[in-house]
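The structure under discussion appears below in the form of structure tokens.
Numbering (the working numbering), first residue to last: 324 to 557.
This is how it looks when you write it as structure tokens:
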């Protein structure tokens with residue numbers, strides 16, 4: 324049995340972390356039995372979530388987790404891929420993890436209009452006396468991380484342009500197919516879905532949600548995955 328350690332559900336989604344949602348989505352798409360445990364991130368092998376346990380082995384990092392889980396997929400659950408499709412999917416997954424997900428993080432934590440809602444959503448369980456301090460410390464860390472990544476150095480029109488370029492890539496690959504590479508899902512659907520679903524169902528008012536509306540095939544694809552694999556209402 325796979326034990327998936329991740330954050331609790333929030334923001335109207337199975338998980339507000341694109342990486343946790345990515346892993347749980349793949350487990351469901353692949354038909355792999357699993358159990359969820361809500362674990363503090365500091366208990367992870369690298370101080371982050373998600374991670375999985377397989378017997379005595381703890382495996383961190385979402386792409387490494389998917390590498391481990393891929394051979395365990397139930398027969399006929401996943402789309403067979405050509406070498407060209409695997410290469411294309413690899414690039415989409417990297418783009419989702421290192422571009423789209425970072426823009427989502429920036430907009431949740433560092434956009435002035437969004438930040439008060441993010442603070443309220445993420446820190447309600449923190450005692451009210453120390454809540455402002457804890458929230459400010461987390462925001463400072465995100466600001467430092469985004470600056471180091473590079474997304475924090477971009478001005479708003481640059482971020483919007485890059486977001487549109489990324490979404491256009493995923494939209495073009497998807498086209499009018501049920502999934503990115505055919506009638507069945509692949510790990511790359513899970514990778515892109517983890518962040519795109521968080522944009523599509525965002526309740527905080529991030530600017531990316533409005534941009535995503537310009538790609539109706541991506542919105543429909545994300546909503547269909549939520550409905551079919553998580554039984555979420557449209």
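Glycine included, each C-beta is placed from N, C-alpha and C at the ideal position.
Straight across, the Cα-Cα distance linking residue 435 with residue 445 is about 16 Å. Nearest to residue 514 by alpha-carbon distance, out of 364, 413 and 466, is 413. Counting along the chain, no beta strand (DSSP E) covers residue 529, and no H or E run does either.
Along the stretch 481-513, the beta strand (DSSP E) does not occur as any fully enclosed run of 3 or more residues. In the displayed model, residue 394 falls within a helix according to three-state DSSP. Counting the other CB atoms within 10 Å of its CB gives residue 453 a total below 16, which places it among the exposed residues. Taking the C-beta atoms as reference points, residue 497 is found nearer than 8 Å to residue 540.
Taking each of 543, 553, 529 and 481 in turn and checking the Cα distance to residue 437, the smallest one comes out for 529. Residue 410: member of the alpha helix (DSSP H) spanning 406-418, first to last residue. For the 8 Å CB-CB criterion, residue 432 and residue 462 form a contact.
Here DSSP, grouped into helix, strand and coil, assigns residue 426 to helix. Three or more Cβ pairs drawn from the stretch 504-513 and the stretch 404-423 lie within less than 8 Å of each other, which places the two stretches in contact.
Inter-residue distance for residue 499 and residue 369 is about 39 Å (C-alpha atoms, whole angstroms). Secondary-structure assignment with DSSP links residue 325 through a beta bridge to 357. Contact between the stretch 339-346 and the stretch 363-380 is established, with three or more Cβ pairs separated by less than 8 Å.
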